[in-house]
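Numbering (my numbering), first residue to last: 390 to 630.
We put the CB at the ideal spot given by N, CA and C, even for glycine.
Since we're looking at a predicted model, the values are computed, not measured.
Worksheet for the structure shown next.
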Amino acid sequence: MPHVALAKMAKQYGPVMYLKMGTCDMAVASTPDAARAFLKTLDINFSNRPPNAGATHLAYNAQDMVFAHYGPRWKLLRKLSNLHMLGGKALDDWAQVRVVELGHMVQAMYESSKQGEPVVVPELLTYAMANMIGQVILSRRVFVTHGEESNEFKDMVVELMTSLGSSTLVILYHPLHGIERGMKKLHKRFDVLLTKMIEEHTASAHERKGKPDFLDVVVANQDNSDGERLNLTNIKALLLV
Numbered sequence: 390m391p392h393v394a395l396a397k398m399a400k401q402y403g404p405v406m407y408l409k410m411g412t413c414d415m416a417v418a419s420t421p422d423a424a425r426a427f428l429k430t431l432d433i434n435f436s437n438r439p440p441n442a443g444a445t446h447l448a449y450n451a452q453d454m455v456f457a458h459y460g461p462r463w464k465l466l467r468k469l470s471n472l473h474m475l476g477g478k479a480l481d482d483w484a485q486v487r488v489v490e491l492g493h494m495v496q497a498m499y500e501s502s503k504q505g506e507p508v509v510v511p512e513l514l515t516y517a518m519a520n521m522i523g524q525v526i527l528s529r530r531v532f533v534t535h536g537e538e539s540n541e542f543k544d545m546v547v548e549l550m551t552s553l554g555s556s557t558l559v560i561l562y563h564p565l566h567g568i569e570r571g572m573k574k575l576h577k578r579f580d581v582l583l584t585k586m587i588e589e590h591t592a593s594a595h596e597r598k599g600k601p602d603f604l605d606v607v608v609a610n611q612d613n614s615d616g617e618r619l620n621l622t623n624i625k626a627l628l629l630v
């Protein structure tokens, strides 16, 4: 087991070890004091996540909130996300959206059952979650039960999640694996889709006056009072995640 092997190595080489795992450099802290040094005393020095192939090829060269370097822009993205999407008040503000989307999901289950069709629960949950997030971020349902555009988007999301999962282990040891080519092609498709979504969203901003969604808030903070600027690439990377 990994933790047992690392504990044995720590007894031989000390509380802080350098390991080469495939293409990645890693430091292992094996005692409370060593862990405290990494996670508290020197936390800013080690706060950045090393970008993997998914972050590089799909998330606009690690411009998303997960892989972006710690700094003013990352702190602004975190602040906006906590205040307007993930925080307690935001969850309360969008509670009705969750109720409505659960209603849509139950109705879809009923319709399938009535017609003698199988009820694919994982698929319906994917629809419901995506529509909840879509309404909070874009004030629109991104999935419908049927439709060519919806099916294409669903396939892209599935391919995105598959690519991100595959990159974790495959590219760790095989950096030239063909999966990177697939990521680049998928990124181009998502870039076209996100650009279209943002343009349509901007054109309809007047319809949400007094009830802005998350994208409205992010766009309004493109020129932040602290001097940090969010460009279109930052915004698309944030939406992709």
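Here R618 carries a strand assignment [DSSP, helix/strand/coil].
Straight-line measurement puts the Cα of K577 at about 11 Å from the Cα of T584. Excluding sequence positions up to five before and after R462, its CB lies within less than 6 Å of the CB of E617, all in the same chain and listed in chain order. By the C-beta density criterion, N434 is exposed, having fewer than 16 other C-beta atoms within 10 angstroms. One alpha carbon belongs to R425, the other to Q496, and they sit about 51 Å apart.
For A484, the enclosing alpha helix (DSSP H) stretches over residues 484 to 503.
Looking at the DSSP output, V417 bridges to M406. When the Cα atoms are used, K409 and V393 turn out to be separated by approximately 18 Å. A contact between stretches requires three or more CB pairs, one per stretch, nearer than 8 Å, and the segment 512 to 523 meets this requirement with the segment 483 to 502. Here DSSP, grouped into helix, strand and coil, assigns R530 to coil.
Contact between the segment 594 to 607 and the segment 432 to 447 is absent: fewer than three C-beta pairs spanning the two stretches fall below 8 Å. Only residues of its own chain outside the window of five on either side were considered, and among them V486, R487, E490 have a CB closer than 7 Å to the CB of M521, listed in chain order. Separation of the CB atoms of V508 and S502 is rounded to 6 Å, and the pair is thereby assigned contact status at 8 Å. Per DSSP, I433 lies in no alpha helix (DSSP H) segment and is marked neither H nor E. Between P421 and V405, the alpha-carbon positions lie close to 11 Å from each other.
Following the DSSP letters along the chain, one finds K573 inside the alpha helix (DSSP H) bounded by residues 568 to 592. Excluding its 5 nearest sequence neighbours in each direction, V525 has C-beta neighbours in its own chain below 7 Å: M474, W483, V486, D602, F603, listed in chain order. When rounded, the separation of the alpha-carbon atoms in L619 and T591 is 16 Å. In this structure, the straight-line span from the alpha carbon of Q452 to that of Q504 is close to 46 Å.
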